[in-house]
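Trainee: Letter by letter, the sequence shown follows residues 1 to 207 in the UniProt record's numbering.
Even for Gly, the Cβ is constructed at its ideal location relative to N, Cα and C.
On a predicted model such as this, the values are computed, not experimentally measured, just so you know.
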Amino acid sequence: MKSSSAKQKGLTLIETVVFLAIFVFALTALSGFLIYTYRAQGFSLAQASAIDSARRGVSQITKEIREAIQSDSGTYLLESCRDFELIFYSDIDKDDQVERVRYFLEEEQLKKGVSKPAGQPVDYSGSEEIRIVSECVKNTSSTPLFYYYDQSYAGQETDLPLETPVAGDLLDEVTLIGIKMKIDINPERAPNVLDIQSKSQLRNTKQ
Numbered sequence: 001m002k003s004s005s006a007k008q009k010g011l012t013l014i015e016t017v018v019f020l021a022i023f024v025f026a027l028t029a030l031s032g033f034l035i036y037t038y039r040a041q042g043f044s045l046a047q048a049s050a051i052d053s054a055r056r057g058v059s060q061i062t063k064e065i066r067e068a069i070q071s072d073s074g075t076y077l078l079e080s081c082r083d084f085e086l087i088f089y090s091d092i093d094k095d096d097q098v099e100r101v102r103y104f105l106e107e108e109q110l111k112k113g114v115s116k117p118a119g120q121p122v123d124y125s126g127s128e129e130i131r132i133v134s135e136c137v138k139n140t141s142s143t144p145l146f147y148y149y150d151q152s153y154a155g156q157e158t159d160l161p162l163e164t165p166v167a168g169d170l171l172d173e174v175t176l177i178g179i180k181m182k183i184d185i186n187p188e189r190a191p192n193v194l195d196i197q198s199k200s201q202l203r204n205t206k207q
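1. What does DSSP give as the partner residues of V166 in its beta bridges?
2. Suppose the cutoff is 6 Å on Cβ atoms and the five residues either side in sequence are ignored; what does the same chain contact list for V122 look like?
3. Among the residues of its own chain, which have a CB less than 6 Å from the CB of S134, if the five just before and after it don't count?
4. Any contact between the segment 159 to 171 and the segment 24 to 32? By contact I mean 3 or more CB pairs, one from each, below 8 Å.
5. Considering just the uninterrupted stretch of the beta strand (DSSP E) at R203, what are its terminal residues?
6. Would you mind working out which of T164, P165, T12, Y147 sits nearest E157, comparing C-alpha positions?
7. Let's see if you can read the secondary structure: which residues bound the beta strand (DSSP E) around G119?
8. With three or more beta-carbon pairs closer than 8 Å as the criterion, would you say the segment 79 to 87 touches the segment 98 to 117?
9. Kindly indicate which residue of K116, K138, V137, N139 has the alpha-carbon position closest to the one of E128.
10. Indicate the three-state DSSP secondary structure (helix, strand or coil) for L105 in the structure shown.
11. Mapping the DSSP letters down to three states, classify K94 as helix, strand or coil.
12. Applying the criterion that 16 or more other CB atoms from any shown protein chain within 10 Å of the CB defines a buried residue, is Q201 buried or exposed?
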């Protein structure tokens with residue numbers, strides 16, 4: 001009887017060890033799954049937020065470009081047209097004053113600088129208020145942020161943009177501005193880079 005009792009106790013101990021091992025394994029697996037799910041969800045939310053911000057930014061730029069007008073100092077509505085910087089004049093806040101607006105890419109952030117007109121004669125030499133429009137912008141030298149077209153643009157993929165920088169008298173030739181923003185919060189993870197693009201026709205050009 002004693003031998004049988006000891007044997008039963010031994011089996012119970014083995015069963016307990018096996019149960020604990022299975023429990024620990026299951027707990028570790030569950031913890032790993034929860035951590036992975038949390039990180040994946042966090043990444044997806046961050047990616048969605050960056051994409052939404054970029055879309056709103058492109059929509060905003062498109063509208064402001066369309067309504068660009070001569071500055072309050074009398075200068076032309078376009079000041080600078082470069083691959084990663086666009087400067088123009090527009091009454092962006094509808095206060096009957098034309099602001100100097102500068103969009104530029106810096107450290108993977110699309111930023112917007114606004115200068116108010118001041119003084120007599122009017123100029124825009126005052127402080128520039130800068131804010132971030134979009135983040136995680138992955139445009140490179142081979143993929144400009146801004147594209148500039150003249151009146152010969154017919155909407156075809158074969159229509160080439162003007163060479164940049166567009167300056168001097170050539171600014172008068174710009175009638176359409178394209179924006180192409182590449183968004184990716186982590187290039188080492190899927191999904192791939194998302195392109196957000198639009199084009200805006202200048203309403204008040206000399207053309």
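Mentor: On the basis of the coordinates in this document:
1. Answer is C81.
2. D72, S73
3. Taking C-beta separations shorter than 6 Å and ignoring five residues to either side along the sequence, the partners of S134 in its chain run S53, A54, G57, L110, following chain order.
4. Fewer than three Cβ pairs drawn from the segment 159 to 171 and the segment 24 to 32 lie within less than 8 Å of each other, which leaves the two stretches out of contact.
5. Segment: none, R203 is in no beta strand (DSSP E) and carries neither H nor E.
6. Y147
7. Counting along the chain, G119 falls outside any beta strand (DSSP E), and DSSP gives it neither H nor E.
8. yes
9. K116
10. Taken through DSSP and simplified to helix, strand or coil, L105 comes out as strand.
11. Looking at K94 - three-state DSSP - the assignment turns out to be coil, as it is neither helix nor strand.
12. exposed
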